[in-house]
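Residue 14 is where the sequence shown starts when you use my numbering, and the numbers rise one by one after that.
We put the CB at the ideal spot given by N, CA and C, even for glycine.
Okay, structure first, notes after.
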Amino acid sequence: MNDKTRVGRLAENLVRSEIVERSNHRIVNLNDLRKNHPIVDLRVSDRKTGKSYDVSVKAKRGHVWPAVRGVRSRNQFMVFVDASDVRETSFYILTYSEWISTLQRIKPQRDAGSMIVNGALEWNWKEGGVLKRFRGSQICLEDISRFKSRWASLPGCR
């Protein structure tokens, strides 16, 4: 397991622990079922109602979260984990709507020509006659700082 994967798994476990502590939900790490699940990491289920939602966990140790692809539906949430300060891990929790609003706000500040596609900024260009595509955006702390420790944004959490 490489260092990036190890940090990602640690972040997923930290988020899982926080949700369990703040709710009575059951949580499955989708990366245990499929290596590096493409969209989300955790499936959270209410033990009483059976309703569930998904959480995408993004971890960073440096200055930015690189190439974040986001979430695609209202039943998905983003949790950014900032592990750059070893004394304190910080969490930033966004609903789907807040994520899309964040993309709309930062889009003009990023390289020109991007569009929001499936919950991510996407750039398309031609190079040597071949269509190229990049999906994802660098997220800075300033982009999401107002969402710090908002665990109540997740259904059933306090």
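Check	Outcome
Can you check which of these residues, S150, V41 and A72, is closest to D131 by C-alpha distance?	This sequence places Asn at residue 131; Asp is not what is there. Among S150, V41 and A72, the Cα nearest to that of N131 belongs to S150.
Could you pull the DSSP bridge partners for Q89 from this structure?	D67
Alpha carbon to alpha carbon, how far is V143 from S92? Give it in angstroms, no decimals.	Before going on, a small fix: residue 92 reads as Val here, not Ser. Cα to Cα, V92 sits roughly 35 Å from V143.
Just to confirm, is the Cβ distance from R60 to R39 under 8 Å?	yes
According to DSSP, is R118 part of a helix, a strand, or is it coil?	helix
Spell out the partners DSSP gives R56 in its beta bridges.	V41 and D67
Whole angstroms are fine: how far does the CA of S103 sit from the CA of W136?	30 Å
How many Å lie between V94 and I32 at the Cα?	13 Å
I need the DSSP call for E34, collapsed to helix, strand or coil.	helix
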